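Have a look at the structure below before the remarks.
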Amino acid sequence: MKMQCIIIGGLFLLANIHFNHHNAMGVANHLPAPQENRVIKKFSPHPYFDFDVPRNVTTRVGQTAFINCRVEQMGDKSVSWIRKRDLHILSAGTAVYTSDERFQVIRSEKAENWTLQIKFAQQRDSGIYECQVNTEPKMSMAFRLNVVEAKAVILGPTDLYVKMGSIVTLTCIISQGPHDLGTIYWYRGSSLVQPMELHPNDPSVAYPHRISVELKWTEALTSRLKILDAKLSDSGNYTCLPTSAEGSSVMVHVINGEHPAAMQRGCATTASKDERLSRIRLLSAMLLLLVLWHGVTVRASPLPSQRRSRLSEGGGPPPGSKVITNSPAGTLSSSSSSPVSA
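Mapping of the sequence shown onto mature numbering (1 follows the signal peptide of the UniProt record, and there is no 0): residues -19 to -1, 1 to 323, in sequence order.
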(Lines of atoms letter the chains of each structure in order from A and count residues from 1; the text may use other names and numbers.)
(Lines give C-alpha, C1' and ligand atoms only; values in the text may rest on other atoms or scores of the structure.)
Protein backbone atom coordinates (compact mmCIF):
# COMPACT_ATOMS: atom_id res chain seq x y z
CA MET A 1 0.00 0.00 0.00
CA LYS A 2 2.81 2.39 0.86
CA MET A 3 4.55 1.56 -2.42
CA GLN A 4 1.38 2.32 -4.40
CA CYS A 5 1.09 5.77 -2.82
CA ILE A 6 4.70 6.58 -3.78
CA ILE A 7 4.07 5.57 -7.41
CA ILE A 8 0.83 7.60 -7.66
CA GLY A 9 2.55 10.65 -6.16
CA GLY A 10 5.41 10.40 -8.64
CA LEU A 11 3.03 10.24 -11.59
CA PHE A 12 1.14 13.28 -10.33
CA LEU A 13 4.40 15.22 -9.96
CA LEU A 14 5.51 14.41 -13.51
CA ALA A 15 2.16 15.47 -14.93
CA ASN A 16 2.34 18.80 -13.10
CA ILE A 17 5.88 19.52 -14.37
CA HIS A 18 4.84 18.79 -17.99
CA PHE A 19 1.79 21.07 -17.71
CA ASN A 20 3.81 24.02 -16.37
CA HIS A 21 6.49 23.64 -19.07
CA HIS A 22 3.87 23.60 -21.85
CA ASN A 23 2.27 26.82 -20.59
CA ALA A 24 5.62 28.54 -20.37
CA MET A 25 6.47 27.68 -23.99
CA GLY A 26 3.10 28.96 -25.22
CA VAL A 27 3.58 32.30 -23.51
CA ALA A 28 7.13 32.65 -24.90
CA ASN A 29 5.95 32.04 -28.46
CA HIS A 30 3.50 34.91 -28.22
CA LEU A 31 6.02 37.47 -26.90
CA PRO A 32 7.31 40.12 -29.33
CA ALA A 33 10.85 39.61 -30.57
CA PRO A 34 13.53 41.84 -29.02
CA GLN A 35 14.30 45.10 -30.83
CA GLU A 36 17.76 43.84 -31.75
CA ASN A 37 16.31 40.77 -33.42
CA ARG A 38 13.94 42.90 -35.51
CA VAL A 39 16.85 45.05 -36.75
CA ILE A 40 18.88 41.99 -37.70
CA LYS A 41 15.92 40.53 -39.56
CA LYS A 42 15.39 43.77 -41.45
CA PHE A 43 19.00 43.88 -42.73
CA SER A 44 19.57 40.16 -42.89
CA PRO A 45 19.64 39.98 -46.76
CA HIS A 46 23.10 40.64 -48.18
CA PRO A 47 23.68 43.54 -50.60
CA TYR A 48 22.90 42.66 -54.20
CA PHE A 49 23.20 44.39 -57.57
CA ASP A 50 20.34 45.52 -59.77
CA PHE A 51 21.06 43.86 -63.10
CA ASP A 52 18.38 45.86 -64.92
CA VAL A 53 20.65 48.90 -65.29
CA PRO A 54 22.54 49.30 -68.61
CA ARG A 55 25.96 47.69 -68.44
CA ASN A 56 27.09 48.62 -71.96
CA VAL A 57 27.25 52.41 -72.10
CA THR A 58 28.02 54.35 -75.30
CA THR A 59 28.68 58.06 -75.53
CA ARG A 60 30.26 60.50 -77.97
CA VAL A 61 33.63 62.17 -77.71
CA GLY A 62 33.35 65.38 -75.69
CA GLN A 63 30.08 64.41 -74.02
CA THR A 64 29.54 63.44 -70.36
CA ALA A 65 29.42 59.70 -69.67
CA PHE A 66 27.28 58.30 -66.85
CA ILE A 67 27.78 54.75 -65.54
CA ASN A 68 25.07 53.90 -63.02
CA CYS A 69 25.56 51.14 -60.42
CA ARG A 70 22.53 50.29 -58.29
CA VAL A 71 23.00 48.27 -55.09
CA GLU A 72 20.07 47.10 -52.94
CA GLN A 73 20.26 46.40 -49.19
CA MET A 74 23.46 48.40 -48.84
CA GLY A 75 23.32 48.66 -45.05
CA ASP A 76 26.55 50.18 -43.79
CA LYS A 77 28.52 49.14 -46.88
CA SER A 78 29.98 51.49 -49.47
CA VAL A 79 30.78 51.37 -53.18
CA SER A 80 34.12 51.83 -54.94
CA TRP A 81 34.77 52.38 -58.64
CA ILE A 82 37.82 50.70 -60.21
CA ARG A 83 39.20 51.16 -63.73
CA LYS A 84 40.18 47.67 -64.87
CA ARG A 85 42.70 48.85 -67.48
CA ASP A 86 45.23 49.87 -64.85
CA LEU A 87 43.41 48.69 -61.67
CA HIS A 88 43.19 52.31 -60.58
CA ILE A 89 40.82 52.93 -57.65
CA LEU A 90 38.89 55.96 -58.84
CA SER A 91 36.68 56.36 -55.78
CA ALA A 92 35.71 54.91 -52.41
CA GLY A 93 32.32 56.08 -51.28
CA THR A 94 32.00 59.64 -52.53
CA ALA A 95 35.73 60.37 -52.19
CA VAL A 96 37.57 60.52 -55.53
CA TYR A 97 41.16 59.24 -55.69
CA THR A 98 42.39 60.59 -59.02
CA SER A 99 43.93 63.84 -60.15
CA ASP A 100 41.72 63.79 -63.23
CA GLU A 101 38.99 66.26 -62.34
CA ARG A 102 36.69 64.87 -65.01
CA PHE A 103 35.81 61.95 -62.71
CA GLN A 104 33.13 62.34 -60.07
CA VAL A 105 30.80 60.04 -58.09
CA ILE A 106 27.14 60.95 -57.68
CA ARG A 107 25.29 59.21 -54.84
CA SER A 108 21.51 59.22 -54.55
CA GLU A 109 19.74 60.17 -51.31
CA LYS A 110 18.74 56.57 -50.63
CA ALA A 111 22.33 55.41 -51.23
CA GLU A 112 21.14 52.87 -53.79
CA ASN A 113 22.51 54.54 -56.93
CA TRP A 114 26.24 55.12 -57.27
CA THR A 115 26.91 56.86 -60.59
CA LEU A 116 30.38 57.34 -62.03
CA GLN A 117 30.46 60.54 -64.06
CA ILE A 118 33.15 61.27 -66.66
CA LYS A 119 33.07 64.76 -68.18
CA PHE A 120 34.41 65.49 -71.67
CA ALA A 121 34.80 61.77 -72.40
CA GLN A 122 37.64 60.78 -74.73
CA GLN A 123 38.25 57.59 -76.68
CA ARG A 124 41.02 56.67 -74.24
CA ASP A 125 38.33 56.47 -71.52
CA SER A 126 36.78 53.45 -73.24
CA GLY A 127 37.07 50.17 -71.35
CA ILE A 128 35.82 48.21 -68.34
CA TYR A 129 34.84 49.92 -65.09
CA GLU A 130 34.03 47.87 -62.00
CA CYS A 131 31.51 48.75 -59.30
CA GLN A 132 32.68 47.06 -56.08
CA VAL A 133 30.96 46.67 -52.68
CA ASN A 134 33.18 46.22 -49.61
CA THR A 135 31.54 43.01 -48.40
CA GLU A 136 33.53 39.96 -47.33
CA PRO A 137 34.26 38.52 -49.79
CA LYS A 138 33.98 41.58 -52.04
CA MET A 139 31.26 41.62 -54.67
CA SER A 140 31.58 43.50 -57.95
CA MET A 141 29.87 44.11 -61.28
CA ALA A 142 31.59 45.21 -64.50
CA PHE A 143 30.43 47.90 -66.94
CA ARG A 144 31.75 48.62 -70.42
CA LEU A 145 32.13 52.21 -71.60
CA ASN A 146 32.38 52.93 -75.34
CA VAL A 147 33.43 56.45 -76.32
CA VAL A 148 33.02 56.85 -80.08
CA GLU A 149 33.75 59.65 -82.50
CA ALA A 150 30.72 59.82 -84.74
CA LYS A 151 31.45 60.94 -88.31
CA ALA A 152 29.20 61.30 -91.31
CA VAL A 153 30.10 59.66 -94.64
CA ILE A 154 28.47 60.39 -98.00
CA LEU A 155 28.46 57.31 -100.22
CA GLY A 156 30.02 57.61 -103.67
CA PRO A 157 32.72 59.86 -105.14
CA THR A 158 33.62 63.28 -103.77
CA ASP A 159 33.03 64.79 -107.24
CA LEU A 160 29.73 63.78 -108.79
CA TYR A 161 28.68 64.54 -112.38
CA VAL A 162 25.03 64.19 -113.37
CA LYS A 163 23.07 64.96 -116.50
CA MET A 164 20.62 67.80 -116.45
CA GLY A 165 17.10 66.47 -115.89
CA SER A 166 18.22 63.30 -114.10
CA ILE A 167 17.76 62.31 -110.43
CA VAL A 168 20.43 63.17 -107.88
CA THR A 169 20.54 60.97 -104.76
CA LEU A 170 23.00 61.65 -101.95
CA THR A 171 23.14 59.15 -99.06
CA CYS A 172 24.75 60.16 -95.76
CA ILE A 173 25.45 57.51 -93.10
CA ILE A 174 26.64 57.68 -89.50
CA SER A 175 27.53 54.12 -88.53
CA GLN A 176 29.00 54.79 -85.08
CA GLY A 177 27.54 56.47 -82.06
CA PRO A 178 24.61 56.21 -79.66
CA HIS A 179 21.01 56.51 -80.73
CA ASP A 180 20.77 60.10 -79.51
CA LEU A 181 22.65 61.48 -82.50
CA GLY A 182 19.79 63.85 -83.23
CA THR A 183 19.13 64.70 -86.86
CA ILE A 184 21.08 65.48 -90.03
CA TYR A 185 20.95 68.73 -91.99
CA TRP A 186 21.91 69.23 -95.63
CA TYR A 187 23.63 72.37 -96.90
CA ARG A 188 24.43 73.57 -100.43
CA GLY A 189 27.33 75.88 -99.85
CA SER A 190 26.34 77.91 -96.80
CA SER A 191 22.60 77.66 -97.47
CA LEU A 192 20.42 75.13 -95.67
CA VAL A 193 18.59 72.79 -98.03
CA GLN A 194 14.94 73.00 -97.01
CA PRO A 195 12.81 70.38 -98.74
CA MET A 196 9.15 71.22 -99.28
CA GLU A 197 6.95 69.90 -96.48
CA LEU A 198 3.27 69.58 -97.27
CA HIS A 199 0.28 68.73 -95.14
CA PRO A 200 -0.93 65.12 -95.63
CA ASN A 201 -4.30 66.41 -96.85
CA ASP A 202 -2.69 68.64 -99.46
CA PRO A 203 -3.62 67.34 -102.94
CA SER A 204 -0.08 67.99 -104.18
CA VAL A 205 1.18 65.20 -101.90
CA ALA A 206 0.29 62.73 -104.63
CA TYR A 207 3.03 64.28 -106.76
CA PRO A 208 6.67 63.76 -105.82
CA HIS A 209 8.58 66.70 -104.35
CA ARG A 210 11.50 67.89 -106.44
CA ILE A 211 13.72 68.04 -103.33
CA SER A 212 13.11 65.62 -100.46
CA VAL A 213 15.02 64.29 -97.44
CA GLU A 214 14.48 60.89 -95.82
CA LEU A 215 15.87 60.15 -92.34
CA LYS A 216 15.78 56.71 -90.72
CA TRP A 217 17.49 54.60 -88.04
CA THR A 218 18.39 50.99 -88.85
CA GLU A 219 21.87 49.77 -88.01
CA ALA A 220 23.02 53.34 -88.55
CA LEU A 221 21.59 56.82 -88.87
CA THR A 222 20.91 57.39 -92.58
CA SER A 223 19.79 60.55 -94.36
CA ARG A 224 19.00 60.52 -98.08
CA LEU A 225 18.73 63.74 -100.11
CA LYS A 226 16.92 63.32 -103.43
CA ILE A 227 16.68 65.97 -106.16
CA LEU A 228 14.37 65.28 -109.10
CA ASP A 229 14.83 66.87 -112.53
CA ALA A 230 18.30 68.20 -111.76
CA LYS A 231 18.98 71.73 -113.01
CA LEU A 232 22.21 73.59 -113.65
CA SER A 233 21.43 75.74 -110.60
CA ASP A 234 21.53 72.60 -108.41
CA SER A 235 25.30 72.36 -108.88
CA GLY A 236 27.37 73.09 -105.80
CA ASN A 237 29.07 71.72 -102.70
CA TYR A 238 26.61 69.63 -100.66
CA THR A 239 27.37 68.97 -96.98
CA CYS A 240 25.75 66.40 -94.71
CA LEU A 241 26.00 67.89 -91.20
CA PRO A 242 24.69 65.96 -88.15
CA THR A 243 23.84 67.86 -84.98
CA SER A 244 26.41 65.89 -82.99
CA ALA A 245 29.04 64.57 -85.40
CA GLU A 246 31.55 65.68 -87.99
CA GLY A 247 30.07 66.41 -91.41
CA SER A 248 30.94 65.20 -94.91
CA SER A 249 30.81 66.97 -98.29
CA VAL A 250 30.48 66.16 -101.99
CA MET A 251 30.72 68.38 -105.07
CA VAL A 252 27.80 67.97 -107.47
CA HIS A 253 28.18 69.06 -111.12
CA VAL A 254 25.00 69.20 -113.19
CA ILE A 255 26.02 69.29 -116.86
CA ASN A 256 24.21 69.44 -120.17
CA GLY A 257 25.48 66.23 -121.73
CA GLU A 258 27.80 63.35 -120.95
CA HIS A 259 30.98 63.69 -118.91
CA PRO A 260 33.86 61.32 -119.64
CA ALA A 261 34.96 60.90 -116.01
CA ALA A 262 31.95 60.23 -113.82
CA MET A 263 28.19 60.25 -114.32
CA GLN A 264 25.55 59.34 -111.77
CA ARG A 265 23.11 56.65 -112.72
CA GLY A 266 20.63 55.73 -110.04
CA CYS A 267 21.74 56.35 -106.46
CA ALA A 268 25.52 56.46 -106.74
CA THR A 269 28.31 56.11 -109.29
CA THR A 270 32.07 55.98 -109.69
CA ALA A 271 34.39 56.95 -112.54
CA SER A 272 34.33 54.65 -115.56
CA LYS A 273 36.84 51.83 -115.17
CA ASP A 274 36.43 50.63 -118.77
CA GLU A 275 37.83 53.90 -120.11
CA ARG A 276 40.91 53.65 -117.90
CA LEU A 277 41.47 50.05 -118.97
CA SER A 278 41.19 51.03 -122.65
CA ARG A 279 43.84 53.71 -122.21
CA ILE A 280 46.18 51.26 -120.50
CA ARG A 281 45.73 48.70 -123.30
CA LEU A 282 46.37 51.32 -126.00
CA LEU A 283 49.54 52.50 -124.28
CA SER A 284 50.77 48.91 -123.91
CA ALA A 285 50.18 48.22 -127.61
CA MET A 286 52.11 51.35 -128.62
CA LEU A 287 55.06 50.36 -126.44
CA LEU A 288 55.07 46.86 -127.94
CA LEU A 289 55.10 48.24 -131.51
CA LEU A 290 57.96 50.58 -130.62
CA VAL A 291 60.03 47.69 -129.24
CA LEU A 292 59.36 45.54 -132.33
CA TRP A 293 60.29 48.38 -134.72
CA HIS A 294 63.53 49.02 -132.87
CA GLY A 295 64.44 45.31 -133.04
CA VAL A 296 63.86 45.15 -136.80
CA THR A 297 66.01 48.27 -137.36
CA VAL A 298 68.91 46.83 -135.38
CA ARG A 299 68.88 43.54 -137.30
CA ALA A 300 68.80 45.33 -140.70
CA SER A 301 71.89 47.53 -140.00
CA PRO A 302 75.34 45.69 -140.38
CA LEU A 303 77.85 46.02 -137.63
CA PRO A 304 81.18 47.89 -138.26
CA SER A 305 83.15 44.62 -138.20
CA GLN A 306 80.84 43.24 -140.86
CA ARG A 307 81.50 46.31 -143.06
CA ARG A 308 85.32 45.85 -142.78
CA SER A 309 85.14 42.17 -143.68
CA ARG A 310 83.11 42.96 -146.76
CA LEU A 311 85.69 45.53 -147.92
CA SER A 312 88.61 43.09 -147.49
CA GLU A 313 86.83 40.33 -149.34
CA GLY A 314 86.12 42.55 -152.38
CA GLY A 315 89.73 43.82 -152.71
CA GLY A 316 88.73 47.43 -152.45
CA PRO A 317 85.85 49.78 -152.33
CA PRO A 318 83.08 49.50 -154.84
CA PRO A 319 83.42 51.36 -158.16
CA GLY A 320 82.65 55.08 -157.99
CA SER A 321 83.44 55.50 -154.30
CA LYS A 322 86.06 57.85 -152.89
CA VAL A 323 88.66 56.80 -150.37
CA ILE A 324 90.18 59.25 -147.91
CA THR A 325 93.91 58.59 -147.48
CA ASN A 326 96.45 59.80 -144.96
CA SER A 327 97.99 63.13 -146.01
CA PRO A 328 100.22 65.71 -144.36
CA ALA A 329 98.65 67.50 -141.41
CA GLY A 330 95.98 69.96 -142.35
CA THR A 331 95.25 68.42 -145.80
CA LEU A 332 92.94 65.76 -147.07
CA SER A 333 93.31 64.03 -150.40
CA SER A 334 91.00 61.68 -152.15
CA SER A 335 91.46 59.36 -155.05
CA SER A 336 88.91 57.92 -157.34
CA SER A 337 88.47 54.23 -157.47
CA SER A 338 87.38 54.26 -161.08
CA PRO A 339 89.44 51.88 -163.29
CA VAL A 340 92.14 53.53 -165.45
CA SER A 341 92.63 52.26 -168.95
CA ALA A 342 96.09 50.89 -169.71
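For each residue, glycine too, the CB sits at the ideal point set by N, CA and C.
It should be emphasised that the depicted structure is a prediction, and the values quoted were computed from it without experimental measurement.
- Looking at Leu263, Trp274, Val134 and Leu273, the one whose alpha-carbon comes closest to that of Leu222 is Val134.
- Residue pairing from DSSP places Gln85 in a beta bridge opposite Gln98.
- Cβ contact annotation for Gly163 (same chain, cutoff 7 Å, sequence separation greater than five): Pro223, Thr224 and Ser225, in chain order.
- Cβ-Cβ distances below 8 Å link Ser59 to Ala73, Gly74, Val114 and Asn115 in the same chain, with the five nearest sequence neighbours on each side left out; the list follows chain order.
- Counted as a single uninterrupted DSSP element, the beta strand (DSSP E) harbouring Pro223 occupies residues Gly217 to Pro223.
- The continuous beta strand (DSSP E) containing Thr203 extends over residues Leu202 to Ile208.
- Within the same chain, Cβ atoms closer than 7 Å to the Cβ of Ile87 are found at Thr96 and Gln98, the five residues on either side in sequence being excluded.
- In the structure shown, Val272 adopts helical secondary structure according to DSSP, grouped into three states.
- Restricting attention to Leu213, Gly238, Ser172 and Val235, the CA atom closest to the CA of Thr220 is found in Ser172.
- The count of Cβ pairs closer than 8 Å, one atom from the region 45 to 61 and one from the region 98 to 107, reaches three, so the stretches are in contact.
- A direct Cα-Cα distance of roughly 22 Å separates Met122 from Arg83.
- Cβ neighbours of Ile192 within its own chain (closer than 6 Å, five residues either side excluded): Pro176 and Ile208.
- Just measuring C-alpha positions, the residue of Asn37, Ile236, Ile63 and Ser230 sitting nearest Met120 is Ile63.
- Distances from the alpha-carbon of His69 to those of Leu264, Tyr166, Gly108 and Ser214 put Gly108 closest.
- Within the same chain, Thr203 come within 7 Å of Lys197 by CB-CB distance, once the 5 residues on both sides are set aside.
- Contact between Leu213 and Val194 is absent: CB atoms are separated by about 22 Å, not below the 8 Å threshold.
- With contacts defined as CB atoms closer than 9 Å, Arg205 and Thr152 qualify as a contacting pair.
- Spanning the alpha carbons of Val129 and Asn237 requires a straight line of approximately 43 Å.
- Cα atoms of Phe32 and Asp67: separation of roughly 25 Å, rounded to the nearest angstrom.
- Leu141 places its beta carbon less than 9 Å from that of Val233.
- Sequence-distant Cβ neighbours of Ser147 in its own chain, meaning closer than 6 Å and more than five residues away, are Ala211.
- With fewer than 16 other CB atoms across the displayed protein chains lying within 10 angstroms of its CB, Ile261 is exposed.
- Rounded to whole angstroms, the separation of the alpha carbons of Gln85 and His27 is 27 Å.
- Taken atom to atom, the span from the alpha-carbon of Val38 to that of Asn218 is near 36 Å.
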